[in-house]
Amino acid sequence: MKAVILRKAAHLCLISAKKAVATVTSSTSSPSRYEAQKRRDWDTFLKYLKNSEPPLCQCRCSGAHVIEFLKYLDQFGKTKVHVASCPFFGEPNPPSQCTCPLRQAWGSLDSLVGRQRAAFEDIGGGAPESNPFAAKAVRIYLKEVREAQARARGIPHGKKKWKRPRAAKATLNADDGGGGRGSGVAALVVSATMV
1 MKAVILRKAA HLCLISAKKA VATVTSSTSS PSRYEAQKRR DWDTFLKYLK NSEPPLCQCR
61 CSGAHVIEFL KYLDQFGKTK VHVASCPFFG EPNPPSQCTC PLRQAWGSLD SLVGRQRAAF
121 EDIGGGAPES NPFAAKAVRI YLKEVREAQA RARGIPHGKK KWKRPRAAKA TLNADDGGGG
181 RGSGVAALVV SATMV
């Protein structure tokens with residue numbers, strides 16, 4: 001009985017969420033590529049929530065559910081991510097094929113989370129603090145995925161170091177008074193060192 005009630009509640013949430021997204025996107029004549037992709041992603045997420053056991057309503061969704069959704073999407077990935085026991089682990093260009101799994105690339109997941117965060121706000125999902133796609137756990141998960149994929153594929157993905165240009169050094173050269181070309185007044189010599 002409780003499962004039937006949960007399914008009905010999830011179905012009602014799904015219908016109201018779809019109507020909200022439809023009203024947001026129908027206000028424009030034809031949605032942009034970004035808006036269309038955002039809509040497809042949101043529909044996929046709602047379908048995932050509906051098919052989960054027990055079915056979930058988007059209003060009860062948390063960062064943990066978002067992480068489960070991202071892990072679910074891994075099965076549809078196209079990026080080879082070597083496991084630690086693979087001889088090609090850490091090789092950017094492996095010489096032959098291996099049986100390591102295909103996963104969603106970090107960049108794809110990051111873009112998806114950004115679109116889902118915007119879609120949640122578009123449907124009026126509540127305060128920005130209640131947005132499950134903006135949860136700290138999701139950011140940590142994405143960071144771990146990025147680092148793990150970088151290690152597995154041998155591609156460094158660290159922060160680029162920003163070098164500040166060195167400040168111009170001003171030195172004061174005083175005329176020694178020995179005749180020559182000087183006017184007897186101290187001259188300011190500016191030398192700039194650029195990196």
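Counting in UniProt numbering, the sequence shown tops out at residue 195, every number present.
Just so it is clear, CB atoms sit at the ideal spot from N, CA and C, and this is done for glycine as well.
Since we're looking at a predicted model, the values are computed, not measured.
Return the CA-CA distance between residue 156 and residue 112, expressed in angstroms with no decimal places. About 22 Å.
With a Cβ-Cβ cutoff of 8 Å, do residue 109 and residue 70 count as a contact? Yes, the Cβ-Cβ distance between residue 109 and residue 70 is below 8 Å.
Assigned exposure category for residue 204 - 16 Cβ within 10 Å defines buried: The question about residue 204 has no answer here: the residues shown for the chain are numbered 1 through 195.
As a quick exercise: from 82, 138, 88, 100, pick the residue whose alpha carbon is nearest that of residue 148. Taking only the C-alpha atoms, the option nearest residue 148 is 82.
Residue range of the unbroken alpha helix (DSSP H) whose run includes residue 78: Residue 78: not part of any alpha helix (DSSP H); DSSP gives it neither H nor E.
Residue 103: which of 65, 42, 136, 73 sits nearest, CA to CA? Ranked by how close their Cα comes to the Cα of residue 103, the residues 65, 42, 136, 73 have 73 in first place.
Any chance you could list the alpha helix (DSSP H) runs of at least 4 consecutive residues sitting entirely within the UniProt domain "ALOG" (33 to 161), in chain order? Complete alpha helix (DSSP H) runs here, min 4: 33 to 51, 63 to 73, 106 to 122, 136 to 153.
When you compare the stretch 81 to 98 with the stretch 43 to 63, are there three or more beta-carbon pairs, one atom per stretch, that lie closer than 8 Å? Here the stretch 81 to 98 makes no contact with the stretch 43 to 63; the two share fewer than three CB pairs at distances below 8 Å.
Exposed unless 16 or more other CB atoms sit within 10 angstroms - verdict on residue 76: Here residue 76 is exposed: its Cβ has fewer than 16 other Cβ atoms, across all protein chains shown, within 10 Å.
Confirm, please, whether the CB-CB distance from residue 118 to residue 38 is below 8 Å. Yes, the pair counts as a contact, with Cβ atoms nearer than the cut-off.
Rounded separation between residue 56 and residue 163 - CA only: Inter-residue distance for residue 56 and residue 163 is about 48 Å (C-alpha atoms, whole angstroms).
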